[in-house]
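In full-length UniProt numbering, the protein residues as written are 1 to 426. Glycine is no exception: its CB is placed at the ideal position from the N, C-alpha and C atoms. Step one of this worksheet: look at the structure below.
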Ligand code: AMP
Ligand code: GLY
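Right, here's the structure in full:
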């Protein structure tokens with residue numbers, strides 16, 4: 001029995017590591033993987049990233065099931081391609097992945113199906129965007145859509161910042177795209193106040209299986225300061241997701257989304273990640289959808305998963321998620337990301353990593369931006385490692401993580417010293 005995990009980050013290392021515990025498994029391929037997956041006994045890296053070549057590989061190796069980690073191949077239609085060739089794969093189709101790949105699609109979808117989110121408007125033209133901002137005032141949130149994506153999200157606390165963001169994200173004159181569309185657009189959103197949490201579920205088109213709740217730390221600096229990153233650490237469970245918040249999220253966000261996608265003729269399959277904003281009175285709103293697992297949230301979530309992951313995935317691919325439940329370690333899991341010099345700017349790479357500990361039952365170092373070069377482990381990306389631990393409470397998990405980090409070294413290594421602070425202060 002062989003499986004294939006697509007991706008090369010900490011999320012994929014954690015997924016493959018958990019899958020490797022499946023009884024009776026022969027091999028898990030990770031494409032392309034990293035130095036961490038290369039060093040796990042049950043895992044084997046394959047240096048393929050082209051979707052067609054991946055499908056050829058899955059066919060030749062008689063891979064039972066493929067799981068996709070990152071959003072880019074999903075948005076490019078890797079699930080459509082595998083399915084068309086009769087290959088089993090877990091993830092959303094290209095059409096369904098628009099919940100993440102197009103903010104405009106996601107916002108219109110939520111408006112149509114009454115899913116709570118920030119009020120919004122979409123603009124392709126600078127003058128009307130500026131006028132809208134003047135009408136609504138600050139704080140206000142500006143998000144790039146379409147080909148302007150990648151220039152990100154600006155949470156503008158002043159009108160000046162908001163106007164500047166428009167000028168950065170939109171060209172002076174609209175550029176026409178195919179079919180009467182415009183090439184660059186912005187979504188302007190109402191500013192939401194509250195605490196964020198990550199709510200990730202598995203979906204089979206109709207049924208939903210929620211994973212354990214989690215929370216990540218998006219800013220680079222201690223105390224949640226400085227620029228946004230992909231995530232500098234995470235933990236599970238998230239105390240802010242109380243049973244009431246959980247029930248409301250399922251009822252008001254997750255189930256209407258899954259039903260709405262099916263009703264719109266784009267059934268959703270795969271992991272679905274709702275970024276929540278939870279206000280003081282317990283109301284939940286959707287900040288964003290991702291069509292995949294979170295990174296680094298997956299690392300602590302996989303540390304806590306006690307059920308057999310392959311069983312869950314097989315039920316998901318067969319449209320039978322209603323027949324299974326997931327069980328979780330009662331302990332808290334916490335992951336601290338060790339990042340390279342200059343991250344979240346262009347990271348320095350090629351630094352040698354030393355002092356990597358052996359994994360144990362309550363601690364594992366998941367790799368992300370690492371490569372194996374002549375037996376040395378070198379940094380090769382912004383987020384390099386995620387030191388992930390289990391503890392009876394958040395404090396113990398945190399202590400074990402930071403004690404483990406003491407032995408690990410690479411030049412320029414930077415990390416946050418306060419991962420878990422929100423859970424600790426509750
Ligand atoms: P996104 O890429 O949509 O997840 O946005 C990145 C980050 O910007 C989020 O994790 C939030 O911290 C913040 N953000 C996005 N939208 C809003 C909003 N409407 N109100 C407040 N903060 C937001
Ligand atoms: N940690 C946030 C994300 O995966 O998008």
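- Beyond the five residues adjoining it in sequence on each side, residue 76 comes within less than 8 angstroms, by CB distance, of 51 and 94 in the same chain, given in chain order.
- Contact between the segment 299-306 and the segment 205-219 is present, with at least three C-beta pairs closer than 8 angstroms.
- Beta-carbon to beta-carbon, residue 155 and residue 191 are separated by about 7 angstroms, close enough to satisfy the 8 angstroms threshold.
- By the 16-neighbour rule on beta-carbons within 10 angstroms, residue 417 is exposed.
- Contact annotation, residue 200 with residue 186: C-beta distance approximately 27 angstroms; criterion of less than 8 angstroms not satisfied.
- Placement of the Cβ of residue 10 at a distance of 7 angstroms or more from every heavy atom of the ligand GLY is found.
- If you draw a straight line from the Cα of residue 26 to the Cα of residue 3, it is about 9 angstroms long.
- If you draw a straight line from the Cα of residue 129 to the Cα of residue 123, it comes to about 6 angstroms.
- Residue pairing for residue 32: DSSP places it in a beta bridge opposite 7.
- Counting C-beta atoms within 10 angstroms of its own C-beta, residue 21 has fewer than 16 neighbours from the protein chains shown and is therefore classed as exposed.
- Under the DSSP definition of a beta bridge, residue 386 partners with 337 and 366.
- In the DSSP assignment, residue 359 falls outside any alpha helix (DSSP H), carrying neither H nor E.
- In the three-state scheme derived from DSSP, where H, G and I count as helix and E and B as strand, residue 410 is classed as coil.
- For residue 168, the enclosing alpha helix (DSSP H) has its first and last residue at 159-169.
- A distance criterion of 7 angstroms places the beta-carbon of residue 191 in contact range of the ligand AMP, judged by its closest non-hydrogen atom.
- Collapsing the DSSP output to three states places residue 132 in a helix.
- Residue 45 has 30 as its beta-bridge partners, per DSSP.
- Remark: C-beta atoms of residue 334 and residue 401 approach each other more closely than 8 angstroms.
- Its Cα nearest to that of residue 159, the residue 142 stands out among 279, 237 and 142.
- Linking residue 270 to residue 319 through their CA atoms gives a straight-line distance of about 11 angstroms.
- By the neighbour-count criterion, in which 16 or more other beta carbons inside 10 Å mark a residue as buried, residue 157 falls on the exposed side.
- Taking all protein chains shown into account, residue 19 has 16 or more neighbouring C-beta atoms within 10 Å of its C-beta and is therefore buried.
- Counting along the chain, residue 100 sits inside the alpha helix (DSSP H) bounded by residues 98-101.
- Judged by their CB atoms, residue 138 and residue 121 are not nearer to each other than the 8 angstroms cut-off.
- Per the DSSP secondary-structure output, residue 209 pairs in a beta bridge with 202.
- Distance from the C-beta of residue 196 to the nearest heavy atom of the ligand GLY is not below 7 angstroms.
- Residue 37 is not a Cβ neighbour of residue 285, given a cutoff of 8 angstroms.
- When Cβ pairs closer than 8 angstroms are counted between the two stretches, the segment 48-63 is seen not to touch the segment 245-253, the count staying below three.
- DSSP places residue 79 in the uninterrupted alpha helix (DSSP H) bounded by 78-84.
- Burial is judged here by how many other beta carbons sit within 10 angstroms of a residue's own beta carbon; residue 237 has at least 16 and is buried.
- Cβ neighbours of residue 15 within its own chain (closer than 7 angstroms, five residues either side excluded): 5, 67, 69, 298 and 302.
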